[in-house]
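Residues -20 to -1, 1 to 85 in mature numbering (1 follows the signal peptide of the UniProt record, and there is no 0) are what the sequence shown lists, from first letter to last.
This report concerns only the one structure given below.
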Amino acid sequence: MHFSTVLVSLAILLAGEVLCAKIAYVGRYLENQQLLKHIRSDTIPDNKVQIVLKGVKRWSQDDFNAKQADNGIITVYNVQYADSKGEAVSMVREIQSKVKRHIKD
């Protein structure tokens, strides 16, 4: 196989790839006066990052906020600590569902 054929094949494969950003959904809660976290990790398409960063607060009625670290990972976290682990887990499920619904093509 010629080098140019390999390059063309590689370009075609990469063109079909969707680049993704890592996202962490964090439910913070207090237990025995200790701050604990429930975390779920996922990925979202790169072209949806700004939509998530700008929309999470509104979609959650100010219950969650989002920020992006220097390494590109997005963290979506609850503003007020949950009262229990169960509540934190439920909150994380709910915001993850809302994010997926809002970025769906």
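In this text, a Cβ means the ideal position worked out from N, Cα and C, and glycines have one as well.
Given the structure is predicted, the values throughout are model-derived calculations rather than measurements.
In terms of DSSP beta bridges, what is valine 56 paired with?
Indexing the sequence shown from 1 puts residue 56 at position 76. BP columns for valine 56 point to Tyr5 and Ala46.
Cβ atoms of alanine 46 and leucine 33: under 8 Å apart, would you say?
Locating residue 33 in the sequence shown gives position 53, where the first residue counts as 1. Locating residue 46 in the sequence shown gives position 66, where the first residue counts as 1. A contact, by the Cβ cut-off of 8 Å.
Identify which residue in Ile3, Gln30, Thr23 and Gln60 has its Cα closest to the Cα of serine 40.
Locating residue 40 in the sequence shown gives position 60, where the first residue counts as 1. Closest by alpha carbon: Gln60.
What does a CB cutoff of less than 7 Å around arginine 20 pick up in its chain, not counting 5 residues either side in sequence?
Locating residue 20 in the sequence shown gives position 40, counting from the first residue. Answer for arginine 20: Tyr5, Val72 and Gln76, listed in chain order.
At the level of alpha carbons, what is the spacing between threonine 23 and valine 56?
If you number the sequence shown from 1, residue 23 lands on position 43. If you number the sequence shown from 1, residue 56 lands on position 76. Each residue's Cα considered, the two are about 12 Å apart.
Once you ignore the five residues that flank valine 29 on each side, which residues in its own chain have a CB closer than 8 Å to its CB?
Residue mapping note: residue 29 aligns to position 49 of the sequence shown, counting from 1. These residues qualify, in order along the chain: Ala1, Gln48 and Ile54.
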